[in-house]
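Numbering (the numbering used here), first residue to last: 8 to 458.
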């Protein structure tokens, strides 16, 4: 127990001995690759806020460590980028296609048994990078292949591999699609231009010059589109006319989420404002606001029923706030802290700096009873940074249920809807410009280990 915990009377939960074991047995238990950090752990506190303002302090005491179940494991030559389909039925892998001495950008779609379903190859061998996105709930896949300056092509295909659209791009471009797949928005991050394509065949509908770093999303099936720019939110109709505009306090970056019924917009502002706001999408009216602690990269998500709103990774302790959507009251707060063991020289772990925890992603399970979080732990040991990922399960009351190690120096894509995690490595090239990377899909059950 740390000195702070002793002073507050808060017991802590710990994660110890999360070191890789030999892959033995029937091969269904996923054991992360050997980590360079010998000791790792979390600490945390849970706060339930009463209606009267009273605070009850509880803890994440003795949180169980569970292991996920390995669904498949595969290896790929070269750099690897992969994304999981929202429904968990497939995944797309971006790799290189070698034809003699020539290399082409491509992506391949696999099922959960590792069988190749189809692939798409870009014919221009001058392209040096490629990225893919699942859109409209997985009904479409968009891919961008380009040169290092961002010039290239965007291709849109349906989930079965049928070619839908090709469009030239003159800068780094990312796509956003409406829920029904009828509207497509393209953000050119190099030239700061938004282009919106609409039905029936993704014809140009309207375009607009936007601020650097702008993003956005369609409200449900469209055509209304919310544009997120630093310090400002604007809602557009299907012709590109502004429906309403709202100034975001703080003037900087902000995160947003749309309620399941599309009637509410939740916004979190950055420092120094550091607040959460709830707006009506009908006219941009602010329904309530609440100040949060300063710090952290805040994000926000609604529960499936829309009754609750969660703001996460707030402050230096990776806090999670649960709000009542109707009232704006805080229902509970959970805080994560990195832990370490003191060394003889007084440093954590004998030269190991205390871990820093970041909640990379958080979402509700379809039932709304649990929250699944991808937690990244950053450790500095002997002047070397190590990044380790863990899957943390909270119940809707804010209590930690279990935590599962996912590995170090990996990229993680979590689908709470499917109960799956896609884990990929990206190792450095060797002296001969060769590299082998690995892809693993694991499954988990959002249920009790610790209640």
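Built from N, CA and C at the ideal position, the CB exists for glycine as well.
For residue 295, the enclosing beta strand (DSSP E) begins and ends at 293 to 298. Secondary structure of residue 143 (DSSP, three-state): helix. Under the three-state reduction of DSSP output, residue 412 falls in the strand class. DSSP, reduced to helix, strand and coil, places residue 381 within a strand of the structure shown. Pairwise C-beta distances place the region 216 to 230 in contact with the region 263 to 280, as three or more of them are shorter than 8 Å.
Taking the Cα positions, residue 203 is about 6 Å away from residue 211.
Short of 7 Å from the beta carbon of residue 121, and not among the five residues preceding or following it, lie these beta carbons of its own chain, in chain order: 79, 81. By alpha-carbon distance to residue 321, the top candidate from 341, 157, 389 is 341. Residue pairing by DSSP puts residue 98 in a beta bridge opposite 91, 117.
Straight through space, the alpha carbons of residue 327 and residue 276 are spaced by roughly 15 Å. Around the beta-carbon of residue 115, 16 or more other beta-carbon atoms lie within 10 Å, marking it buried. For residue 81, the enclosing beta strand (DSSP E) stretches over residues 76 to 84. In the structure shown, residue 339 adopts extended strand secondary structure according to DSSP, grouped into three states. DSSP places residue 209 in no beta strand (DSSP E); its state is neither H nor E.
In the DSSP assignment, residue 263 is bridged to 274. Distance check between residue 294 and each of 234, 248, 105, 336 places 336 closest, using alpha-carbon atoms only. Excluding the 5 residues flanking it on each side, residue 118 has same chain C-beta neighbours closer than 8 Å at 96, 97, 124, in chain order. Residue range 306 to 309 is occupied by the beta strand (DSSP E) that includes residue 308. Residue 423 holds the alpha-carbon nearest to the alpha-carbon of residue 373 among 423, 392, 418, 220. Residue 259 and residue 289 have their C-alpha atoms spaced approximately 24 Å apart.
Inter-residue distance for residue 163 and residue 71 is about 43 Å (C-alpha atoms, whole angstroms). By the beta-carbon neighbour count (other beta carbons within 10 angstroms, threshold 16), residue 451 is buried. DSSP links residue 252 through a beta bridge to 241. A distance below 8 Å separates the beta carbons of residue 369 and residue 308. The residues 261, 263, 284, in chain order, have a CB closer than 6 Å to that of residue 274 in the same chain once the five nearest residues on each side in sequence are set aside. Comparing alpha carbon positions, the residue from 280, 265, 221, 291 closest to residue 249 is 291. Residue 75 and residue 438 do not touch by the CB rule: their CB atoms are close to 35 Å apart, not below 8 Å. Assigned with DSSP and collapsed to three states, residue 182 falls in strand. Beta-bridge partners of residue 201 (DSSP): 194, 215. Judged by DSSP in its simplified three-state form, residue 376 adopts coil rather than helix or strand. Distance between residue 316 and residue 375, taken at the CA atoms: about 11 Å. Cβ-Cβ distances below 7 Å link residue 236 to 217, 218, 221 in the same chain, with the five nearest sequence neighbours on each side left out; the list follows chain order. For residue 444, the enclosing beta strand (DSSP E) stretches over residues 443 to 450. Put simply, of 247, 378, 296 the residue whose alpha carbon is nearest the alpha carbon of residue 255 is 296.
Here the alpha carbon of residue 86 sits roughly 28 Å from the alpha carbon of residue 399. When DSSP reads this structure, residue 453 sits in no beta bridge, so it has no partner.
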